[in-house]
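Residue numbers (my numbering), protein chains in the order written: chain Z, 135 to 305; chain D, 135 to 305.
2 protein chains.
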Amino acid sequence: MTGVDLSENLEDYLETILELEKTQKVARVKDIAEMRGVLRGSVTGALKSLAEKGLINYEPYSFITLTRKGTAVAGEINRRHRVIKNFLTHVLQLDPQTAEDNACRMEHAMDRAAVDRMVAFIDYMDSCPRTDASWLEGFAKHWQGKQENRPDCKNCMARSAEKHVQDKKKL
Amino acid sequence: MTGVDLSENLEDYLETILELEKTQKVARVKDIAEMRGVLRGSVTGALKSLAEKGLINYEPYSFITLTRKGTAVAGEINRRHRVIKNFLTHVLQLDPQTAEDNACRMEHAMDRAAVDRMVAFIDYMDSCPRTDASWLEGFAKHWQGKQENRPDCKNCMARSAEKHVQDKKKL
DNA sequence: TTTATTTGTTTGGTAAGCCAAACTTTATTG
DNA sequence: CAATAAAGTTTGGCTTACCAAACAAATAAA
């Protein structure tokens with residue numbers, strides 16, 4: 135889509151720079167190094183690669199900003215990250231740290247088609263009364279091993295259906 | 135868990151060897167090279183690493199088999215792959231090729247906690263009549279952009295609830 | 001059983017990433 | 001405005017992976 139193919143590493147650098155731009159206006163080598171857990175020397179090398187690919191504005195000893203293209207690519211990566219983390223925390227109900235760790239790796243593994251479908255899935259869940267909050271609570275009990283013995287599925291569904299009807303009236 | 139940490143590459147080699155063992159009884163360098171899309175020389179290097187880590191039985195010019203430990207690790211990787219591919223095809227409804235491609239990368243990105251939770255999620259979906267076949271059909275329509283205008287949610291859910299009750303009687 | 005062919009290994013070279021440490025530039029502060 | 005500190009860069013060396021091509025061993029064919 136964006137027509138750039140980056141190693142996982144450079145994707146991470148780009149994402150880091152985007153974050154720093156958002157919080158500090160500009161990215162500095164020292165901060166990038168700290169956030170990525172590498173030494174400053176390693177950052178310089180990465181910056182040269184990103185600059186060559188036209189993704190950042192980089193002059194030695196100066197601060198770093200994303201180019202228009204770099205912003206687009208970083209935004210795309212960031213979107214993948216957010217979608218995946220959202221799925222992991224709200225659907226799979228993983229704790230925030232586990233979700234974050236997995237999202238950081240999965241964002242490099244999932245392509246656009248997969249992420250887009252994930253978005254559609256979350257969207258569908260949100261729109262369908264079958265998969266409402268009570269269904270998610272049921273899933274929580276399920277993975278916690280606290281599921282009910284003889285669930286009254288008919289009533290359970292009727293309640294959600296009724297609630298849905300009521301909620302629609304309120305709009 | 136298995137107490138081994140491997141690069142993505144070595145994980146892939148191990149998985150390939152497991153597959154060859156299953157289909158051909160033993161793995162040969164040539165086949166590994168073909169399946170992984172690398173030259174034979176590259177395989178020899180990888181095999182030495184795996185042998186050093188005690189994951190394969192390897193003597194130069196001889197065939198390759200997994201050790202007990204190697205079988206365990208390869209099985210774990212393979213399980214991740216199957217779970218993820220199953221999710222991508224049956225839940226997200228991605229086409230087989232896209233699902234396979236994404237699973238091949240995601241299997242290195244997701245840890246045990248995430249995969250286990252994914253298993254629980256699929257399991258929950260299977261057990262709950264809300265997320266039955268008709269719900270999945272609804273999702274198909276949703277991502278295909280063919281969703282209904284004014285869905286009759288109450289009836290839709292009542293139908294699934296009733297079907298569930300009937301299905302239970304048959305057992 | 002010799003000779004070919006296939007299969008497997010070795011060697012030398014490249015590229016991405018990292019670190020450690022020397023060095024240079026910029027910023028701070030006395 | 002110096003002197004010091006902090007930030008950034010460079011260099012050399014290491015690791016993992018790959019390829020290409022020369023080489024060795026094993027298998028198949030003549």
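Virtual Cβ for every residue (Gly too), placed ideally from N, Cα, C.
The bridge partners DSSP lists for residue 190 of chain Z are Z/200. Taking 7 Å as the threshold, the shortest C-beta distance from residue 147 of chain D to chain Z does not fall below it. The beta carbon of residue 227 of chain Z is closer than 8 Å to those of 270, 273, 274, 277 in its chain, skipping five residues each way along the sequence. Within the same chain, and ignoring the five residues on either side of residue 295 of chain Z in sequence, the residues whose Cβ sits closer than 7 Å to its Cβ are 263. Under DSSP, the beta-bridge partners assigned to residue 161 of chain Z are Z/198.
Below the 7 Å Cβ cutoff, chain Z contributes 240, 243, 244 as neighbours of residue 240 of chain D, in chain order. In this chain, the alpha helix (DSSP H) harbouring residue 288 of chain Z covers 287-304. For the stretch 279-304 of chain Z, the set of positions with a beta-carbon nearer than 9 Å to some beta-carbon of chain D reads 281, 285, 287, 288, 289, 290, 291, 292, 294, 295, 296, 298, 299, 302 in chain order.
For residue 251 of chain Z, at least one C-beta of chain D is nearer than 7 Å to its own C-beta.
For the pair residue 241 of chain Z and residue 215 of chain Z, the CB atoms are nearer than the 7 Å cut-off. Three or more beta-carbon pairs separated by less than 8 Å are not found between the stretch 153-169 of chain D and the stretch 242-258 of chain D, which leaves the two stretches without contact.
For residue 230 of chain D, the nearest beta carbon of chain Z is not closer than 7 Å to its own beta carbon. Chain D has no Cβ within less than 7 Å of the Cβ of residue 180 of chain Z.
Chain Z places no beta carbon closer than 7 Å to that of residue 214 of chain D, leaving this residue out of the contacts.
As the crow flies, the alpha-carbon of residue 212 of chain Z is around 41 Å from that of residue 202 of chain D. Residue environment for residue 219 of chain D: buried (at least 16 other C-beta atoms within 10 angstroms of its C-beta). Boundaries of the alpha helix (DSSP H) around residue 233 of chain D: 230-240. With respect to chain D, the C-beta atom of residue 264 of chain Z has a partner C-beta closer than 7 Å.
Under the 7 Å criterion on CB atoms, residue 220 of chain D is classed as non-interfacial with respect to chain Z. Chain D has a Cβ within less than 7 Å of the Cβ of residue 276 of chain Z. Close to chain Z, meaning a Cβ-Cβ distance shorter than 9 Å, is no residue of the stretch 184-197 of chain D at all. Residue 272 of chain Z: member of the alpha helix (DSSP H) spanning 267-277, first to last residue. For residue 156 of chain Z, the secondary structure class from DSSP, reduced to helix, strand or coil, is helix. Of the residues assessed, residue 267 of chain D falls on the exposed side of the cut-off, its CB having fewer than 16 other CB atoms within 10 angstroms.
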